[in-house]
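See below for the structure under consideration.
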């Protein structure tokens, strides 16, 4: 936080870039602090938005590139060896189908999942243009949301940070539990039918 | 051929699925409770602990005070804009940060007693 007060918008850029790559930094707290520093007239609002969004998007892009370049052909080779070509193509279809909403929501609402989604999107060769558009859009929502809250609650950002952190993790696990629950119900329903057909 | 190789993994996969589901459910419950506890805790504690990176204006804002009162408590000019951090102010004055911090806290305590007759003390004690 001292770093942020001293170096301002550029510090925010660095923190968000590393944070959206998956380095465990308190990015959301940094945005709240930035917001409260704006409220106290110590930082400039426009440069906070510009540098913040730029940093977060840069981190996302690097994550996507790592996934895409680092796994060149890896998915295919693994799938072939494990006889899971069908599974891979299902995964690819699902990525294309659910990619936009996943990328968007994991920028701000389910932000702890963001870095993982970047790498998976790259590995699954999710179209880069769509990844970028939804990524920028989502990061903008995130930066606006947290800087805005930082300005509004500038007197008690530590409280807001705690509460938002809990809320975010609650949402992450609730969404995961919900998806797994649906999956279980689905398996149960088709379970007997598929056993007979085997 | 496939049936034999698939049957056990399917059962195992279902078990893993169920375990993951229960884990996620427990974790979300944990954070729901933590959220409630923090919301209750923070609704009665607003004042942030004073740290070297904060400016005088920041502290005044956090404790809902006029910056002027704090500046004068630190023997600093009140009319001008001073954005130095408390750490910088302490080293410029040649005192330790801890000493500066206790001066500020004493000043905050005095202002509070004058303005709301110890209301905030009672609140933070609860």
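Residue numbers (full-length UniProt numbering), protein chains in the order written: chain A, 1 to 198; chain B, 1 to 126.
Beta carbons are placed, not taken as given, at the ideal position from N, Cα and C, and that holds for glycine.
Values in this document were obtained by computation on a predicted structure and should not be read as measured data.
Residues of chain E with a CB under 9 angstroms from the CB of residue i: which are they?
{"i": "residue 57(B)", "result": "This model lacks chain E altogether; the protein chains it does include are A and B."}
Starting from the beta carbon of residue i, find every residue of chain B whose beta carbon is closer than 7 angstroms, and list them in chain order.
{"i": "residue 55(A)", "result": "Residues of chain B passing the Cβ test: none, with the nearest at roughly 20 angstroms."}
{"i": "residue 166(A)", "result": "31, 34, 35, 38"}
{"i": "residue 174(A)", "result": "28"}
{"i": "residue 169(A)", "result": "31"}
Grouping DSSP H, G and I as helix and E and B as strand, with all else coil, what is residue i?
{"i": "residue 78(B)", "result": "coil"}
{"i": "residue 8(A)", "result": "helix"}
{"i": "residue 26(A)", "result": "coil"}
{"i": "residue 160(A)", "result": "helix"}
{"i": "residue 20(A)", "result": "helix"}
{"i": "residue 94(B)", "result": "coil"}
{"i": "residue 71(A)", "result": "coil"}
{"i": "residue 189(A)", "result": "helix"}
{"i": "residue 155(A)", "result": "coil"}
{"i": "residue 30(B)", "result": "helix"}
Would you mind telling me which residues of chain A sit closer than 9 angstroms to residue i, beta carbon to beta carbon, in chain order?
{"i": "residue 48(B)", "result": "155, 156, 157, 158, 159"}
How long is the line joining the alpha carbons of residue i and residue j, rounded to whole angstroms?
{"i": "residue 12(B)", "j": "residue 83(A)", "result": "18 angstroms"}
{"i": "residue 57(B)", "j": "residue 67(B)", "result": "6 angstroms"}
{"i": "residue 9(B)", "j": "residue 188(A)", "result": "15 angstroms"}
{"i": "residue 174(A)", "j": "residue 139(A)", "result": "22 angstroms"}
{"i": "residue 88(A)", "j": "residue 97(A)", "result": "14 angstroms"}
{"i": "residue 143(A)", "j": "residue 186(A)", "result": "37 angstroms"}
{"i": "residue 131(A)", "j": "residue 108(A)", "result": "15 angstroms"}
{"i": "residue 76(B)", "j": "residue 95(B)", "result": "14 angstroms"}
{"i": "residue 42(B)", "j": "residue 159(A)", "result": "6 angstroms"}
{"i": "residue 2(B)", "j": "residue 31(A)", "result": "Reliability fails at residue 2(B), whose pLDDT of 46 lies under 50, so the model's placement of it is uncertain and no value is given."}
{"i": "residue 13(A)", "j": "residue 4(A)", "result": "10 angstroms"}
{"i": "residue 62(A)", "j": "residue 71(B)", "result": "46 angstroms"}
{"i": "residue 39(B)", "j": "residue 120(A)", "result": "35 angstroms"}
{"i": "residue 148(A)", "j": "residue 38(A)", "result": "10 angstroms"}
{"i": "residue 32(B)", "j": "residue 167(A)", "result": "7 angstroms"}
{"i": "residue 113(B)", "j": "residue 69(B)", "result": "13 angstroms"}
{"i": "residue 123(A)", "j": "residue 80(A)", "result": "16 angstroms"}
{"i": "residue 30(B)", "j": "residue 170(A)", "result": "8 angstroms"}
For the alpha helix (DSSP H) that contains residue i, what are its first and last residues?
{"i": "residue 98(A)", "result": "85-108"}
{"i": "residue 118(A)", "result": "114-123"}
{"i": "residue 50(B)", "result": "Taken as a continuous stretch (DSSP letters only), residue 50(B) belongs to no alpha helix (DSSP H), as it is neither H nor E."}
{"i": "residue 42(A)", "result": "Counting along the chain, residue 42(A) falls outside any alpha helix (DSSP H), and DSSP gives it neither H nor E."}
{"i": "residue 77(A)", "result": "74-81"}
{"i": "residue 72(B)", "result": "67-73"}
{"i": "residue 62(B)", "result": "56-62"}
{"i": "residue 85(B)", "result": "It is not in any alpha helix (DSSP H) - residue 85(B) carries neither H nor E in the DSSP assignment."}
{"i": "residue 144(A)", "result": "128-152"}
Who are the neighbours of residue i on chain A, taking C-beta pairs under 7 angstroms?
{"i": "residue 21(B)", "result": "177, 180, 181, 184"}
{"i": "residue 39(B)", "result": "163"}
Could you work out which residues of chain B lie near residue i, taking near to mean beta carbons separated by less than 9 angstroms?
{"i": "residue 187(A)", "result": "10, 13, 14, 17"}
Show which residues of chain A have a CB atom less than 8 angstroms away from the CB atom of residue i.
{"i": "residue 62(B)", "result": "155, 156"}
Quick one: list the residues of chain B neighbouring residue i, beta-carbon separation under 8 angstroms, in chain order.
{"i": "residue 108(A)", "result": "Correct list: empty, because the minimum Cβ distance to chain B is about 17 angstroms."}
Kindly examine the ligand HEM and report whether one of its heavy atoms sits closer than 7 angstroms to the Cβ of residue i.
{"i": "residue 42(A)", "result": "This structure does not include the ligand HEM; it has no bound ligands of any sort."}
Practice problem: Using a Cβ-Cβ cut-off of less than 7 angstroms, list which residues of the region 77-98 of chain B approach chain A; keep chain order. | Solution: Of all residues in the region 77-98 of chain B, the ones placed with a Cβ closer than 7 angstroms to any Cβ belonging to chain A are 83, 85, in chain order.
Self-check item: Residues from the region 25-36 of chain B in contact with chain A, defined by Cβ distance under 7 angstroms
Solution: Hits within the stretch, in order: 25, 27, 28, 31, 32, 34, 35.
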